[in-house]
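Heads up: the sequence lines are chains A and B, in that order. Per my numbering: the first sequence = residues 1 to 393. Per my numbering: the second sequence = residues 1 to 407. Everything below concerns the one structure shown next.
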Amino acid sequence: VIKRVEVNYRGIFQKTLGKKIGGDIVMIASRVGRVAFSNGRYSDSPERNGIPCKYFAFVSPDLSEEELEAECGAKLDIDEADVSVVVDEAMVKGVEPWGWHGIRPINEKVIPGGTLLVVSRKPHADLLKFIGRKPYPYRLATIEGDASLSGLWVFKDDLTHERVLGAIAALDPDVIGIEAVEAYLLERTGQPQRAEAARAAYEEVQGKVEVVLPSDGIDWPHQPPVLPKWHEFGEGVVVPAVPRGFQLGPRGQSRNPQFKRGTTKSERPVVRFDICTKCTLCWQECPDQCFDPTVDGLYDVDYEYCVGCGKCAEVCPVKECIVMVDELRFEDDRSPWEHYRRDRDGYVEWAEQKKGDKRVVHPHVTGTGRAELDGQRVPLGKVIPARKKEATA
Amino acid sequence: VTLAEKTGVYEREELLTGCQAVSQAVRLADVDVIAAYPIRPYTEVMDQLSKIIADGQLDAEYIVADSEHGQFEIVKHASAVGARAFAGSSGTGWCYGFEALVVTATDRLPVLFLVGNRALDDPGAFGVEHNDALAVRDMGWLLCWASTAQEALEHVLIGYRIAEDARVRMPMALAMDGAFLTHSQHIVKIPSPEAVGRFLPPYDLGERRLHPDNPISIAPQVNEDWVIELRRQNWEAARRARGVIVDAYREFNAIFGERYRAPYFFDEFMTDDAEVVLIGLGTVAMPGRTAVRRMREQGRRVGYVELKWFRPFPTEELRASLSRFKAVGVIDRDFNHGSPDDGGTVFHEIRSCLYPARERPAVINFITGLGGRDISIADCTTMLELTEQAARDERRDGTVTWLGLRE
Numbered sequence: 001v002i003k004r005v006e007v008n009y010r011g012i013f014q015k016t017l018g019k020k021i022g023g024d025i026v027m028i029a030s031r032v033g034r035v036a037f038s039n040g041r042y043s044d045s046p047e048r049n050g051i052p053c054k055y056f057a058f059v060s061p062d063l064s065e066e067e068l069e070a071e072c073g074a075k076l077d078i079d080e081a082d083v084s085v086v087v088d089e090a091m092v093k094g095v096e097p098w099g100w101h102g103i104r105p106i107n108e109k110v111i112p113g114g115t116l117l118v119v120s121r122k123p124h125a126d127l128l129k130f131i132g133r134k135p136y137p138y139r140l141a142t143i144e145g146d147a148s149l150s151g152l153w154v155f156k157d158d159l160t161h162e163r164v165l166g167a168i169a170a171l172d173p174d175v176i177g178i179e180a181v182e183a184y185l186l187e188r189t190g191q192p193q194r195a196e197a198a199r200a201a202y203e204e205v206q207g208k209v210e211v212v213l214p215s216d217g218i219d220w221p222h223q224p225p226v227l228p229k230w231h232e233f234g235e236g237v238v239v240p241a242v243p244r245g246f247q248l249g250p251r252g253q254s255r256n257p258q259f260k261r262g263t264t265k266s267e268r269p270v271v272r273f274d275i276c277t278k279c280t281l282c283w284q285e286c287p288d289q290c291f292d293p294t295v296d297g298l299y300d301v302d303y304e305y306c307v308g309c310g311k312c313a314e315v316c317p318v319k320e321c322i323v324m325v326d327e328l329r330f331e332d333d334r335s336p337w338e339h340y341r342r343d344r345d346g347y348v349e350w351a352e353q354k355k356g357d358k359r360v361v362h363p364h365v366t367g368t369g370r371a372e373l374d375g376q377r378v379p380l381g382k383v384i385p386a387r388k389k390e391a392t393a
Numbered sequence: 001v002t003l004a005e006k007t008g009v010y011e012r013e014e015l016l017t018g019c020q021a022v023s024q025a026v027r028l029a030d031v032d033v034i035a036a037y038p039i040r041p042y043t044e045v046m047d048q049l050s051k052i053i054a055d056g057q058l059d060a061e062y063i064v065a066d067s068e069h070g071q072f073e074i075v076k077h078a079s080a081v082g083a084r085a086f087a088g089s090s091g092t093g094w095c096y097g098f099e100a101l102v103v104t105a106t107d108r109l110p111v112l113f114l115v116g117n118r119a120l121d122d123p124g125a126f127g128v129e130h131n132d133a134l135a136v137r138d139m140g141w142l143l144c145w146a147s148t149a150q151e152a153l154e155h156v157l158i159g160y161r162i163a164e165d166a167r168v169r170m171p172m173a174l175a176m177d178g179a180f181l182t183h184s185q186h187i188v189k190i191p192s193p194e195a196v197g198r199f200l201p202p203y204d205l206g207e208r209r210l211h212p213d214n215p216i217s218i219a220p221q222v223n224e225d226w227v228i229e230l231r232r233q234n235w236e237a238a239r240r241a242r243g244v245i246v247d248a249y250r251e252f253n254a255i256f257g258e259r260y261r262a263p264y265f266f267d268e269f270m271t272d273d274a275e276v277v278l279i280g281l282g283t284v285a286m287p288g289r290t291a292v293r294r295m296r297e298q299g300r301r302v303g304y305v306e307l308k309w310f311r312p313f314p315t316e317e318l319r320a321s322l323s324r325f326k327a328v329g330v331i332d333r334d335f336n337h338g339s340p341d342d343g344g345t346v347f348h349e350i351r352s353c354l355y356p357a358r359e360r361p362a363v364i365n366f367i368t369g370l371g372g373r374d375i376s377i378a379d380c381t382t383m384l385e386l387t388e389q390a391a392r393d394e395r396r397d398g399t400v401t402w403l404g405l406r407e
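Printed below as a string of structure tokens:
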């Protein structure tokens, strides 16, 4: 018997989270006499910001460590998963970790009767709008929470880690049991709130798990690429370039069809073309060249290639012109500029409705003046802290 | 009962990657000088060591070099002045420092290097291939593979003991499969410093230590009338190493329990009445042995030999062992294009080793798992079945099969 768990996480931002969940499953399982080990999908690292990555844990009550390793280790990807964890809900749109891999459905590895566990505040129906159909029933479960995003060497200790462990214990006690989770967390940290968080998620998820039938979900629109045979490759490691091309208008610049990277984003930029000043900054500053110049001097966005870094929203000098919005509010990657050209008022109304009222506040890097912030007058513009003076004798 | 109380030689258990296990061993070996330069998959070793030093758990010079060449020269020189030294690398980084690797061996300096096996570019790839470490096979090195994190930890200690032995004094390359071993997290038993102290004596280069109080010169430029004698001398050290290796394992077992079985250079699994065996380096042993176990359940007389030591090559022991079988399938996670029969490097060595044997088995070759491609249990079953065929059919002797290739 082998239990397989995968954690789908965002590269860099959730690396420590993914590794901690995988590692703690091993520690907890081994405390109750099970054999376990953990690894990551090696090709995912060195990671890039936000790229969909995977961490794995394997647990067996009866196999030797060597046999478990032979079955599950030394592999590029997991064969199948009893539990697929998703720590950023936006990944339900699919995952494309590297080139020539294709956009794969988030539930690709979930076995019949297995579970897709998503950290999300959304109702299941909202998630299933994006998830591919499977030919057999499996379970979808959620625990409430936002994507716990931090940096590579730091860890946002917001109890997501403990909560996911608690939820796994509820969904598949043959991986880890809740008592073992609680005992481990308490013993390891001495902090009762960690064990309590695991227990709360254990209780919560039991009310938020339902069977997904073969009729639920969408027809998966992406096909994995067929890789060439050895005699089909160009000799000398030669790979044909993406044909050069530039035309004004949507999709007017040629881009690599074998690595789109759009599944890297948790948010996308929504552009209010009606208030755009055509300053060109979004187009110039986009690190991934996702903006397409158009005949009217506006810049369309190719969402298939946008990784959601937020640079455009940061540099846009017009308030409310480019705003980052939750990726799951969008069901397609169609050209926003074409939408705007077709129906200006309709587009603006649609954009405002999508934007909602949540805003990321970006620091101003240029300009002067002062602004009111939390009742205090603070300088606008780049604030350079006074240099520390060398101590003088 | 704690692990320490139960065993007396292990301090604690920790969940460690292969790289982290090696770093813990470097701490336990109380290494004096570490030179670092990043390349995956070795990088996590240097990351962990810098943390171990920053955490105050090891007092060592930690030098970030300008390149692998500089990195390897630094540890070579450190070793010459009597410092226990450690470095590591992978793939093309290892090759970039090759000049330094060559002279470390000819100067007979016992530095330990970790090689996280990685495909040689191009194309730029991170996965395991053994060509990087195998490249030092002709140069007077000790070269050994570990296949679990626990073995990797233990072989840093065993490696220093063998390399630094006055009868040997050769550099040691400890190889481990990139990704599959370097980056997989397993529960590892960490020995106590006291037990390690009993096993691994302090580094003492004796009369060869470069020091103002011991005025010597190392490796002057020489003419034709010097070189061949020095090569002969280095060969003698490599010959003596065979005996020192066996002693080191016996002593390790005496302190840490029966961890390793004779003849130590390789480990046999279910070979007692076997007719055919597979032999290979590194982590392929896991699916290899699992395939053997399952075929044994069907009454097939198959076995697996995990080769650990490649230099010095265990000629006598392996010749005696493998000549018992009707056919031997050699797994190469490396390539050697244009070589005899276009086989892999391990294949050539094993076939050469078996040539003088009175009863010579058929020897066939599998080139597989290159660039980190999976080698599954099913692949190992296929290899065992083809080796069974070779035992029945003389025409298969010497054949080379590429496996796991899109063709």
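In this text, a Cβ means the ideal position worked out from N, Cα and C, and glycines have one as well.
Is residue i helix, strand or coil by DSSP?
i         : result
Trp402(B) : strand
His101(A) : coil
His364(A) : Annotation note: pLDDT 48 at His364(A) (below 50); position unreliable, no value reported.
Met324(A) : strand
His222(A) : coil
Ile52(B)  : helix
Lys54(A)  : strand
Asn131(B) : helix
Does the distance from the C-beta atom of residue i to that of residue j stay below 8 Å?
i         : j         : result
Glu65(A)  : Gly11(A)  : no
Ala149(B) : Leu230(B) : no
Ala70(A)  : Met286(B) : yes
Met139(B) : Val102(B) : yes
Gly387(B) : Ile364(B) : It should be pointed out that residue 387(B) corresponds to Thr in this sequence rather than to Gly. It is a contact, given that the beta carbons lie within the stated cut-off.
Val92(A)  : Val118(A) : yes
Glu89(A)  : Lys260(A) : no
Glu68(B)  : Gly91(B)  : no
Val33(B)  : Ala54(B)  : no
Val110(A) : Ser84(A)  : yes
What are the boundary residues of the alpha helix (DSSP H) that includes residue i?
i         : result
Ala201(A) : Pro192 to Gln206
Arg351(B) : Thr345 to Leu354
Val211(A) : No alpha helix (DSSP H) contains Val211(A), which is instead part of the beta strand (DSSP E) from Val209 to Val212.
Leu159(A) : No alpha helix (DSSP H) holds Leu159(A); DSSP gives it neither H nor E.
Pro158(B) : In the sequence as displayed, the identity of residue 158(B) is Ile instead of Pro. Looking at the DSSP string, the run of the alpha helix (DSSP H) that includes Ile158(B) is Ala149 to Glu164.
Would you say residue i faces chain A, with C-beta separation under 8 Å as the test?
i         : result
Arg406(B) : yes
Ala54(B)  : no
Asp122(B) : yes
Gln298(B) : no
Phe266(B) : no
Arg40(B)  : yes
Quick one: does residue i have its CB under 8 Å from some CB of chain B?
i         : result
Pro61(A)  : no
Ala125(A) : no
His364(A) : Residue confidence is low: His364(A) scores 48 on pLDDT, short of 50, so the model does not pin down where it sits. No coordinate-derived value is stated.
Asn39(A)  : yes
Ser120(A) : no
Tyr42(A)  : yes
Among residues of its own chain, excluding the 5 on either side of residue i, which ones have a beta-carbon nearer than 6 Å to its beta-carbon?
i         : result
Asn256(A) : Val242
Which residues bound the beta strand (DSSP E) around residue i?
i         : result
Gln185(B) : Ser184 to Pro191
Val1(A)   : It is not in any beta strand (DSSP E) - Val1(A) carries neither H nor E in the DSSP assignment.
Trp145(B) : Leu142 to Ala146
Leu152(A) : Taken as a continuous stretch (DSSP letters only), Leu152(A) belongs to no beta strand (DSSP E), as it is neither H nor E.
Asp225(B) : Run containing Asp225(B): none in the beta strand (DSSP E); it sits in the alpha helix (DSSP H), Glu224 to Phe256.
Arg88(B)  : In the sequence as presented, Arg is not what sits at residue 88(B); that position holds Gly. Ala85 to Ser89 is the extent of the beta strand (DSSP E) around Gly88(B).
Ser38(A)  : Val35 to Gly40
Arg268(A) : Glu267 to Val271
For residue i, I'd like the list of residues in its chain whose CB is within less than 8 Å of its CB, leaving aside the five on either flank, ordered along the chain.
i         : result
Gln57(B)  : Arg27
Ala163(B) : Pro110, Val111, Leu112, Leu142, Arg169, Met170, Pro171 and Met172
Is residue i near the ligand MG, with its Cβ less than 7 Å from a heavy atom?
i         : result
Arg169(B) : Looking at this structure, you won't find the ligand MG or any other ligand, since it has none at all.
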